[in-house]
């Protein structure tokens, strides 16, 4: 019975923590998350008959919740990024090499976790610049090294191959939902991976080596625009009536953050026609999702996206790569987006 009451309480915390803010906006969304995380820890320690499937379900749900919080809550625990930071600093002082530990949380959980870490790192870079600490070379170089590490892990992910290996070993994957076939999950995982790379390249203009882009000699802005276009195209492969439609808003916000105009003279290879077309594609899909999902969060996402673009257009070539985070804070849109 203790296990049943624990799962009931975890369900309640998940439901409240990811929906209550729409009725009563709060800056303390992380409190419910920390309560759920603490409850999971006690459940694992105190119960001798924890159902593995139940525990795995809630663990994956908390990973997704943590990722959502990482977008808007700078008070979230930075332990994963801090661990990476300490490892990078150790390497710099000891000239050692990192071990690339494998993650065992599965395709979706692994890439969602990496996406959350990428966003936390971008917020850390944004906070450092906002606090006037941009001139600290050691901190900047450490964050750039972490960005390279995250990029390497993201580029090593191969979701289709992982599914094929599972099926080869006799573990075929079924979603149980005719509107949400396995291919939609693969597209979603690839979208999270690409969105992570996009945010890293927006925040760190010295980040190079995204082999998946075949970037060659492209400028940083060209790479960002290309990734944004690829992300929009990838998301359009997931139909609006798919069971995964609810996760698309945060990914569209990520894509929108890369759709910035620049003066034609400063980068002749980027067509100005691309940006308006991609912006229209983002707003068109969100208008469809507004009819298929609770409309209030979709409208909030659209308002944020339009505010980001207005800020970009007003700043022109001077627009900062992570300016969208500043816009989110200034407009008061620091909340969770589904």
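In mature numbering (1 follows the signal peptide of the UniProt record, and there is no 0), the protein residues as written are -23 to -1, 1 to 315. We put the CB at the ideal spot given by N, CA and C, even for glycine.
Residue 47 beta carbon less than 7 Å from that of residue 166: For the purposes of this step, residue 166 is taken as the residue at position 189 of the chain shown. For the purposes of this step, residue 47 is taken as the residue at position 70 of the chain shown. The answer is no: Cβ separation not under 7 Å.
Identify which residue in -6, 96, 17, 36 has its Cα closest to the Cα of residue 302. Working through the chain shown from its first residue, we reach residue 302 at position 325. Residue 96 is the option with its Cα nearest to residue 302.
Roughly how many whole angstroms lie between the Cα atoms of residue 103 and residue -20? Walking along the chain shown from the start, residue 103 turns up at place 126. Walking along the chain shown from the start, residue -20 turns up at place 4. Approximately 42 Å between the Cα atoms of the pair.
So the alpha helix (DSSP H) residue 272 belongs to, where does it begin and stop? Locating residue 272 in the chain shown gives position 295, counting from the first residue. 272 to 292 is the extent of the alpha helix (DSSP H) around residue 272.
Taking one C-beta from the segment 207 to 221 and one from the segment 155 to 162 each time, how about it: are there three or more such pairs within less than 8 Å? yes
Looking only at its own chain, which residues have a Cβ that is under 8 Å from the Cβ of residue 265, when we skip the five neighbours before and after it? Within the chain shown, the letter at position 288 stands for residue 265. Contacts found: 217.
Taking just the CA atoms, how far does residue 270 sit from residue 175? Locating residue 175 in the chain shown gives position 198, where the first residue counts as 1. Locating residue 270 in the chain shown gives position 293, where the first residue counts as 1. Cα to Cα, residue 175 sits roughly 26 Å from residue 270.
Euclidean distance between Cα positions of residue 291 and residue 284: As a working note, residue 291 is residue 314 in the chain shown. As a working note, residue 284 is residue 307 in the chain shown. Residue 291 and residue 284: Cα-Cα distance of roughly 11 Å.
Just the Cα atoms here: how many angstroms apart are residue 185 and residue 238? If you number the chain shown from 1, residue 185 lands on position 208. If you number the chain shown from 1, residue 238 lands on position 261. Each residue's alpha carbon lies about 21 Å from the other.
For residue 239, the three-state DSSP class (helix, strand or coil): Residue numbering aside, residue 239 sits at position 262 when the chain shown is read from its first letter. It is coil, neither helix nor strand.
Buried or exposed: which applies to residue 23, given that a residue is buried once 16 or more other Cβ atoms fall within 10 Å of its Cβ? Mapped onto the chain shown, residue 23 falls at position 46. By the 10 Å Cβ count, residue 23 comes out exposed.
Can you name, in chain order, every residue of its own chain whose Cβ lies under 7 Å from the Cβ of residue 259, other than the five neighbours on each side? Translated into positions along the chain shown, residue 259 becomes position 282. Here the set comprises 209, 229, 232, 233, 282.
Less than 7 Å between the beta carbons of residue -8 and residue 16, yes or no? If you number the chain shown from 1, residue -8 lands on position 16. If you number the chain shown from 1, residue 16 lands on position 39. No.
DSSP state of residue 231 mapped onto helix, strand, coil: Reading the chain shown from its first residue, position 254 is the one you call residue 231. Helix, per DSSP.
Output needed for residue 206: all residues of its chain with C-beta closer than 8 Å, excluding positions within five of it in sequence on either side, in chain order. If you number the chain shown from 1, residue 206 lands on position 229. Same-chain partners within the cutoff: 251, 255.
How long is the line joining the alpha carbons of residue 202 and residue 262, rounded to whole angstroms? Here residue 202 corresponds to residue number 225 of the chain shown, with the count starting at 1. Here residue 262 corresponds to residue number 285 of the chain shown, with the count starting at 1. Those two C-alpha atoms are separated by around 18 Å.
List the endpoints of the continuous alpha helix (DSSP H) containing residue 307. What you label residue 307 is simply residue 330 of the chain shown in a count that begins at 1. Its alpha helix (DSSP H) spans residues 300 to 307.
Cβ pair residue 177, residue 128 closer than 7 Å: For the purposes of this step, residue 177 is taken as the residue at position 200 of the chain shown. For the purposes of this step, residue 128 is taken as the residue at position 151 of the chain shown. Their beta carbons are under 7 Å apart, which means residue 177 touches residue 128 by this criterion.
Would residue 253 be called buried (16 or more neighbouring beta carbons within 10 Å of its own) or exposed? As a first step, residue 253 must be located in the chain shown, where it is residue number 276. Exposed is the call here.
Residue 93 - DSSP class collapsed to helix/strand/coil: Stepping through the chain shown from its first residue, residue 93 is reached at position 116. Helix, per DSSP.
Can you give me the Cβ contacts of residue 35 inside the same chain, cut-off strictly under 7 Å, excluding the 5 residues immediately before and after it? Here the question's residue 35 lines up with position 58 in the chain shown. Excluding residues within five positions, the ones whose Cβ falls inside 7 Å are -14, 17.
Proximity below 7 Å, CB of residue 275 to CB of residue 169: Counting from one through the chain shown, the residue named residue 275 turns up at place 298. Counting from one through the chain shown, the residue named residue 169 turns up at place 192. Not closer than 7 Å, so no.
Within 10 angstroms of the Cβ of residue 100, are there 16 or more other Cβ atoms? Answer buried if so, exposed if not. In the chain shown, counting from the first residue as 1, residue 100 sits at position 123. That one is buried.
Does the beta-carbon of residue 30 have 16 or more other beta-carbons within 10 angstroms, so that it is buried, or is it exposed? Taking the chain shown and counting its residues from 1, one reaches residue 30 at position 53. Flag for residue 30 reads exposed.
For residue 217, name the three-state secondary structure that DSSP assigns. Along the chain shown, read from residue 1 onward, the residue named residue 217 stands at position 240. In the structure shown, residue 217 sits in coil (DSSP, three-state: anything other than H, G, I, E or B).
If I measure Cβ to Cβ from residue 235 and keep anything under 7 Å in the same chain, skipping five residues before and after, which residues do I get? Numbered from 1 along the chain shown, position 258 holds the residue referred to as residue 235. Once the five neighbours on either side are set aside, the close Cβ partners of residue 235 are 175, 179, 201, 202, 204, 205.
Endpoints, the alpha helix (DSSP H) within which residue 173 is located: Taking the first residue of the chain shown as position 1, residue 173 is located at position 196. Where residue 173 is concerned, the enclosing alpha helix (DSSP H) stretches over 159 to 180.
With distances taken between CB atoms, is the gap from residue 32 to residue 121 smaller than 7 Å? On the chain shown, residue 32 is found 55 positions in, with the first residue counted as 1. On the chain shown, residue 121 is found 144 positions in, with the first residue counted as 1. In this structure, residue 121 does not lie closer than 7 Å to residue 32 by Cβ.
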